[in-house]
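Worksheet: one structure, shown below.
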Amino acid sequence: LLGPTIRAETFDTIIIHFKNLAKIPYSMHGVGISYGKNSEGSEYEDATSQSEKGDDRVAPGDLHTYTWEIPLYYGPTETDPPCVTSAYFSHSNFTYDSNAGMVGPILKCKPGSLSQDGYQNGVQEKILLFAVFDERYSHYSNERTVKEVHTINGYTNNTLPDLKPDVRRALNREEGEEEKAAVIVVVEEAEVYG
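Okay, so the sequence shown: first residue is 1 according to UniProt numbering, each after it adds one.
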């Protein structure tokens, strides 16, 4: 359920070539980033031209290129940790898209915080998505679908595997390297996890 992690530093431009391999329209809408109208990924009535609406609903089999930026005022501040978390999700039909699990993390980092392979320098990342999905409002539901499902990274009922870091990264871990979690919460109402 958790989409790929997008990592970028302040002043970076993110270019996403999104090909919709599903059977229904989807989009990509980023939170806490800057974008032009043709990379917003959010459909609503406005006065924009048809050429600026290709990002709103990417039809099955179609490709759309999104261009996002991390300007100074959207990146981490001086007192923030090296990377802060926001998210992207499909907004062509938000309720059904989010209940289908169309969501992923964006790590916005201070300049120089990411290594050449795109990971945080000196940090073992753990990405956690806490979500309550109501499968009745998913594109993929059926009559036997469970009403609400409480999940962590899409796992339910104590099935979450051990949160070991990426093995390749763990083998190259340096002494004193930190572990940090990036957390995203997706719920319709306030929930408490304990």
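Yeah, the Cβ is synthetic: ideal placement off N, Cα and C, and Gly gets one too.
Secondary structure of Thr95 (DSSP, three-state): helix. Counted as a single uninterrupted DSSP element, the beta strand (DSSP E) harbouring Tyr66 occupies residues Leu63 to Glu69.
Taking a C-beta distance under 9 Å as the contact criterion, Gly104 and Leu2 qualify as a contact pair. Of the residues Ile15, Phe133 and Val185, the one whose Cα lies closest to the Cα of Glu69 is Ile15.
Taking the Cα positions, Leu107 is about 11 Å away from Pro4.
Glu135: not part of any beta strand (DSSP E); DSSP gives it neither H nor E. Take Leu160, set aside five residues on each side of it, and the residues of its chain with a beta-carbon closer than 8 Å to its own are Ile152 and Asn153, in chain order. Relative to Thr156, the option among Arg136, Phe130 and Asn142 whose CA is nearest is Phe130.
If you draw a straight line from the Cα of Val149 to the Cα of Asp134, it comes to about 6 Å. Between Thr10 and Gly75, the beta carbon gap of about 3 Å places them in contact (Cβ cut-off 8 Å). In this structure, Asp80 sits away from Lys19, with a CB-CB distance that is not shorter than 9 Å. Here Val31 is near Ser86, since their CB atoms are less than 9 Å apart.
Within its own chain, the residues whose Cβ lies closer than 7 Å to the Cβ of Ala100, once the five positions on either side in sequence are excluded, are Ser138, His139 and Tyr140, listed in chain order. Gln116 carries a coil assignment under DSSP once its states are collapsed to helix, strand and coil.
Per DSSP, reduced to three states, the secondary structure at Leu21 is coil, with no helix or strand assignment.
Just so you know, the alpha carbons of Val58 and Thr95 end up roughly 17 Å apart.
Linking Asn142 to Tyr35 through their CA atoms gives a straight-line distance of about 36 Å.
Selection Tyr88, Ile33 and Thr48 evaluated against Tyr73 yields Ile33 as nearest (Cα-Cα).
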